[in-house]
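Peer 1:
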Amino acid sequence: MLRAYVLIALWEARPGLAGYDLADAVTFCFLSQAFIGPMQVFGGGLELSERVRSGDVALDLLRPASLQMWNLADDLGRASYLFLARSLPPTAVGAALFGLVFPSDPLTWLSFTAGLILAVIVSFALRYLVALSACWVVDDRGVQTMSLVMTFFFSGMVLPLNLFPGWLGTLAQALPWSAMVQVPADLYLGKRDALGALAFQAAWAVVLLALGALATNAARRKVVIQGG
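According to numbering that gives the first Met the number 0, the stretch in the sequence shown is residues 0 to 227, in order.
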């Protein structure tokens with residue numbers, strides 16, 4: 000609510016900023032808050048790094064299933080639960096207090112749903128790479144912290160990326176973190192071409208999952224387990 004009032008003050012001083020009206024800005028605020036749980040914006044959500052430290056990942060690698068897809072299935076279940084328990088209630092409160100924007104076009108809801116699913120997959124793919132780094136580093140907390148900073152700043156959680164000036168805004172919009180918050184929020188608000196936005200998310204999902212598969216294969220050949 001405090002963040003919403005900050006944005007209200009900003010948009011009252013600068014109407015139409017970043018192509019949003021006041022209702023869009025407040026809706027963006029509550030959407031970004033709703034994405035925290037499903038997208039695990041603050042990092043974590045995977046037990047992989049802990050299993051590397053304990054040595055249990057050796058058993059995971061022996062299972063007749065892809066380590067990456069196993070974790071993805073688990074993460075999709077986590078995201079589905081948090082969408083119901085962590086996303087919907089605060090958004091309902093925001094709608095009651097501030098009157099949020101609700102799309103009337105079924106195609107907007109369809110594209111938003113697809114964008115939401117792709118955002119979760121992109122989030123997982125990034126967090127999987129961070130968690131898998133524990134196979135090679137003694138302590139992955141530094142990598143986790145760096146990932147948290149990059150996610151928080153470049154996803155749209157602090158401010159809509161449309162507000163970033165010049166080359167920084169262009170870079171922020173092109174990085175994979177924007178697919179987690181900014182893109183699905185813009186799909187909901189009808190501020191982006193749906194096909195282009197979904198293609199952008201899908202491309203990053205494919206690239207990051209492919210990198211995760213390559214890293215997993217490397218981990219199978221040589222894993223250094225601390226304490227295992």
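Ideal Cβ positions, reconstructed from N, Cα and C, are used throughout, including at glycine.
Between the region 129–143 and the region 38–53, do three or more beta carbon pairs fall short of 8 Å?
Peer 2: yes
Peer 1: Quick one: which unbroken alpha helix (DSSP H) runs of 4-plus residues sit fully inside the region 39–117? Chain order, please.
Peer 2: 47–53, 56–61, 66–81, 87–97
Peer 1: Where does A178 land, buried or exposed, given buried means 16+ other C-beta within 10 angstroms?
Peer 2: By one-based count along the sequence shown, residue 178 stands at place 179. By the 10 Å Cβ count, A178 comes out buried.
Peer 1: Short of 6 Å in beta carbon distance, which residues of its chain neighbour S110, apart from the five on each side in sequence? Order them along the chain.
Peer 2: Taking the sequence shown and counting its residues from 1, one reaches residue 110 at position 111. Excluding residues within five positions, the ones whose Cβ falls inside 6 Å are L186, A193.
Peer 1: Taking the Cβ atom as the reference point for each residue, do G36 and S79 lie within a distance shorter than 8 Å?
Peer 2: Residue 36 sits at position 37 when you count from the first residue of the sequence shown. Residue 79 sits at position 80 when you count from the first residue of the sequence shown. Cβ distance not < 8 Å, so G36 and S79 don't count as in contact.
Peer 1: Looking only at its own chain, which residues have a Cβ that is under 7 Å from the Cβ of A113, when we skip the five neighbours before and after it?
Peer 2: Along the sequence shown, read from residue 1 onward, the residue named residue 113 stands at position 114. Counting only Cβ-Cβ distances below 7 Å, and skipping sequence neighbours, we find L197.
Peer 1: By alpha-carbon positions, which one of Y127, L58, L162 ends up nearest to S146?
Peer 2: To locate residue 146, count along the sequence shown from 1; it is residue 147. For the residues Y127, L58, L162, the minimum Cα distance to S146 belongs to Y127.
Peer 1: Report the CB separation of V180 from F34 in whole angstroms; it is logged as a contact under 8 Å.
Peer 2: Translated into the one-based positions of the sequence shown, residue 180 becomes position 181. Translated into the one-based positions of the sequence shown, residue 34 becomes position 35. The Cβ separation is near 5 Å, so the contact holds.
Peer 1: Just the C-alpha distance for Q39 and L6, rounded to the nearest angstrom, thanks.
Peer 2: Start at 1 with the first residue of the sequence shown, and residue 39 comes out as number 40. Start at 1 with the first residue of the sequence shown, and residue 6 comes out as number 7. If I take the Cα positions, the gap works out to 23 Å.
Peer 1: Should the region 61–69 be regarded as contacting the region 158–178, the criterion being three or more beta carbon pairs within less than 8 Å?
Peer 2: no
Peer 1: With H, G and I counted as helix, E and B as strand and the rest as coil, what does DSSP make of P37?
Peer 2: Counted from its first residue, the sequence shown places residue 37 at position 38. If DSSP states are grouped into helix, strand and coil, P37 belongs with the helices.
Peer 1: Below 8 Å between beta carbons: does that hold for A204 and V121?
Peer 2: The sequence position of residue 204 within the sequence shown is 205, counting from 1. The sequence position of residue 121 within the sequence shown is 122, counting from 1. It is a contact, given that the beta carbons lie within the stated cut-off.
Peer 1: Using DSSP with H/G/I as helix, E/B as strand and the rest coil, what is M149?
Peer 2: Numbered from 1 along the sequence shown, position 150 holds the residue referred to as residue 149. Note: M149 maps to helix in three-state DSSP.
Peer 1: What residue from A124, P175, V137 has the CA that sits closest to M149's CA?
Peer 2: Walking along the sequence shown from the start, residue 149 turns up at place 150. Closest option to M149, Cα to Cα, is P175.
Peer 1: By Cβ distance, which residues of its chain are closer than 7 Å to P124, with the 5 residues on each side in sequence left out?
Peer 2: Taking the sequence shown and counting its residues from 1, one reaches residue 124 at position 125. Checking the displayed sequence, the identity of residue 124 turns out to be Ala instead of Pro. Same-chain partners within the cutoff: A204, L207, L208, G211.
Peer 1: Beta carbon of L115, beta carbon of P183: below 8 Å?
Peer 2: As a working note, residue 115 is residue 116 in the sequence shown. As a working note, residue 183 is residue 184 in the sequence shown. Taking 8 Å as the cut-off, the Cβ atoms of L115 and P183 count as close.
Peer 1: Measuring only the C-alpha atoms, how far is D138 from V56?
Peer 2: Within the sequence shown, numbered from 1, the residue matching residue 138 stands at position 139. Within the sequence shown, numbered from 1, the residue matching residue 56 stands at position 57. Approximately 16 Å, taken between the alpha carbons.
Peer 1: Under 8 Å, do A8 and L162 count as touching if we go by C-beta distance?
Peer 2: Numbered from its first residue, the sequence shown carries residue 8 at position 9. Numbered from its first residue, the sequence shown carries residue 162 at position 163. No, these two residues do not count as a Cβ contact at 8 Å.
Peer 1: Give the single residue among M0, Y19, F153 whose Cα lies nearest to the Cα of R191.
Peer 2: In the sequence shown, residue 191 corresponds to position 192, counting from 1. Out of M0, Y19, F153, Y19 has the C-alpha closest to the C-alpha of R191.
Peer 1: Taking its Cβ as the centre, do 16 or more other Cβ atoms sit within 10 Å of P159, making it buried, or is it exposed?
Peer 2: By one-based count along the sequence shown, residue 159 stands at place 160. Label assigned to P159: buried.
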